[in-house]
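Visitor: Chains as they are written, first to last, in numbering that gives the first Met the number 0: chain A, 0 to 234; chain B, 0 to 234.
Pasting in a structure now, in structure tokens, and then I'll have a few things to ask.
There are 2 protein chains.
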Amino acid sequence: MKFDLIAFDGDDTLWHNEILYAEAQDKLKELLSSYADGETVAQRLYQTEMSNLQYYGYGIKSFTLSMIQTAVELTRGKIQAAEILQIIGFAKEMLTSEVQLVEHAAETIRELAKSYELMMITKGDLLDQQSKLSRSGLGDSFRYVEVVSQKTQRTYETLLAKYRIEPQRFLMVGNSLKSDILPVLALGGYAVYIPYHIIWAHETVDSQHVGHDRFYELEHLGQLPPLIEHLVVSL
Amino acid sequence: MKFDLIAFDGDDTLWHNEILYAEAQDKLKELLSSYADGETVAQRLYQTEMSNLQYYGYGIKSFTLSMIQTAVELTRGKIQAAEILQIIGFAKEMLTSEVQLVEHAAETIRELAKSYELMMITKGDLLDQQSKLSRSGLGDSFRYVEVVSQKTQRTYETLLAKYRIEPQRFLMVGNSLKSDILPVLALGGYAVYIPYHIIWAHETVDSQHVGHDRFYELEHLGQLPPLIEHLVVSL
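What follows is the structure, given as structure tokens:
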């Protein structure tokens with residue numbers, strides 16, 4: 000059986016992303032080091048992000064607004080305006096930093112694009128994700144790009160209906176069990192999990208709970224084309 | 000001829016939006032009144048928004064980051080952190096404010112949804128636009144929602160190709176000549192322009208330049224269903 004559509008998550012599946020957030024957070028810790036220790040900064044930032052998620056959604060702009068709020072609250076208003084401008088500077092660096100592909104991403108995507116329709120399905124800021132795809136050099140290999148505000152079973156259901164794709168002919172590849180894998184399996188699709196070495200706490204799900212005959216776990220993207228070839232002949 | 004798809008802009012076409020930005024800007028002017036006069040605040044904010052557009056794109060979060068940057072720069076760093084928090088508060092108010100439909104929006108959309116597939120095509124923050132559509136009570140009437148980072152001829156071309164819609168069977172309704180009308184006409188589609196009483200400077204195009212046999216201008220949404228009925232029998 001050949002898949003009608005193979006979809007990829009972007010952040011930390013095709014290119015390194017969480018590292019940008021980790022670096023910005025380190026800079027924030029440094030900036031606030033005379034007010035609070037690093038652990039406190041990290042905790043308060045995470046709490047602020049979580050309580051703002053309902054307003055802002057995902058992405059760098061949301062993260063930046065949460066960094067600013069955390070900085071003001073943690074310093075009890077003592078932070079200087081010039082330092083707030085530095086935080087905005089962190090955001091602009093994140094938004095324009097070079098896109099670093101994960102290993103094997105370039106050749107895997109180019110190879111699969113020859114035989115399959117590829118889609119990118121990603122959360123975050125619309126413009127930022129489109130810009131990253133374009134800067135990554137992989138843009139031409141993706142027939143479709145969908146930036147979504149969350150990745151639930153309903154999200155995938157709506158997308159597949161829109162493109163008139165049967166779930167059992169759909170394969171999703173990503174690094175988040177919660178967002179890329181479990182909802183796709185629940186819908187009847189195939190899912191390939193490629194863990195990334197940093198995971199944002201919010202995306203954590205225990206992988207022990209995934210035991211499924213349409214679930215595959217790989218160490219890196221280079222193993223994907225042979226797996227797909229195997230599935231195509233064996234399913 | 001019946002249209003295969005009728006699409007609507009959201010902000011200031013279906014619901015009032017620019018007024019939220021104008022109100023937030025007034026609050027910023029008030030907040031900065033001891034540092035600069037209102038006109039200067041408005042000018043600097045607009046310049047900051049324009050130079051940030053390439054990084055942030057459209058929407059409330061982008062606007063908020065630009066408000067914060069303007070406040071820090073205009074006060075030469077004298078603004079207090081607590082005041083920055085107030086600016087973040089403006090954003091949260093904007094993001095959760097009641098969605099005010101423009102006149103005739105509710106009945107027009109419900110009526111057209113009985114006979115046509117309706118789509119919303121809008122710029123801005125993904126989550127915010129989805130949330131507004133949901134809060135508007137019109138969500139169920141729209142078969143498709145597309146949040147895009149810009150509305151160029153290429154944007155519409157890509158969307159119509161994706162949904163396999165011929166441009167000459169497509170009608171777009173909106174309040175921006177630049178974003179909703181001219182690119183659709185250029186592509187061979189039909190466009191209905193319904194001006195809004197406030198227009199963001201960035202969206203301004205001289206409407207004198209539009210003389211076109213697939214272009215229609217209406218005063219309000221209530222006039223849309225009779226126009227479409229007329230087009231369907233006469234084209």
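The beta carbon of each residue, even a glycine, is placed where N, CA and C say it ideally should be.
As the structure is a computational prediction, the values presented were derived from the model and not from experiment.
Does any CB atom of chain B fall closer than 8 Å to the CB of A:LYS28?
Guide: no
Visitor: Jot down the residue ranges of each uninterrupted beta strand (DSSP E) in the segment 123–165 of chain B, minimum 3 residues, whole runs only, in chain order.
Guide: 143–147
Visitor: Less than 8 Å between the beta carbons of B:LEU100 and B:MET119, yes or no?
Guide: no
Visitor: Residues in the same chain with beta-carbon distance under 7 Å from B:THR121, minus the five sequence neighbours each way, listed in chain order, please.
Guide: ASP8, GLY9, ASP10, GLN128 and VAL146
Visitor: Counting contacts by CB-CB distance shorter than 8 Å, is B:LEU94 in contact with chain A?
Guide: yes
Visitor: With a cut-off of 8 Å on the beta carbons, I'd call A:THR69 and A:ILE193 a contact; round off their distance for me.
Guide: With 8 Å as the limit, A:THR69 and A:ILE193 do not qualify as a contact, their Cβ atoms being about 31 Å apart.
Visitor: Hey, out of A:ASN16, A:ILE164, A:THR95 and A:ALA80, whose CA is closest to A:LEU30's CA?
Guide: A:ALA80
Visitor: Can you list the residues of chain A that B:LYS91 reaches, using a CB-CB cut of under 7 Å?
Guide: TYR54
Visitor: Hey, does A:LYS77 have any beta-carbon neighbour from chain B nearer than 8 Å?
Guide: yes
Visitor: Residues of the segment 54–75 of chain B in Cβ contact with chain A at a cutoff of 7 Å, in chain order, please.
Guide: TYR54, TYR55, GLY56, LYS60, SER61, THR63, LEU64, ILE67, GLN68, VAL71 and THR74
Visitor: With distances taken from CA atoms, which of A:ASP179, A:GLU97 and A:VAL98 is nearest A:LYS150?
Guide: A:ASP179
Visitor: Taking the alpha-carbon positions, what's the B:ALA105 to B:HIS15 distance?
Guide: 13 Å
Visitor: DSSP three-state call for A:THR121: helix, strand or coil?
Guide: strand
Visitor: Name the chain A residues that come within less than 8 Å of B:ILE164, Cβ to Cβ?
Guide: Going along chain A, no residue has its Cβ under 8 Å from B:ILE164, so there is no contact; the nearest lies around 13 Å.
Visitor: Who are A:VAL191's beta bridge partners in DSSP?
Guide: A:VAL172 and A:TYR215
Visitor: Which class does A:ALA21 belong to by DSSP, given the choice of helix, strand or coil?
Guide: In the structure shown, A:ALA21 sits in a helix (DSSP, three-state: H, G or I).
Visitor: Do B:PRO166 and B:GLY188 have their C-beta atoms closer together than 8 Å?
Guide: yes
Visitor: In angstroms, rounded to a whole number, what distance separates the CA positions of A:ASP36 and A:LYS28?
Guide: 7 Å
Visitor: If you measure from the beta carbon of B:SER148 to each beta carbon in chain A, is any gap under 8 Å?
Guide: yes
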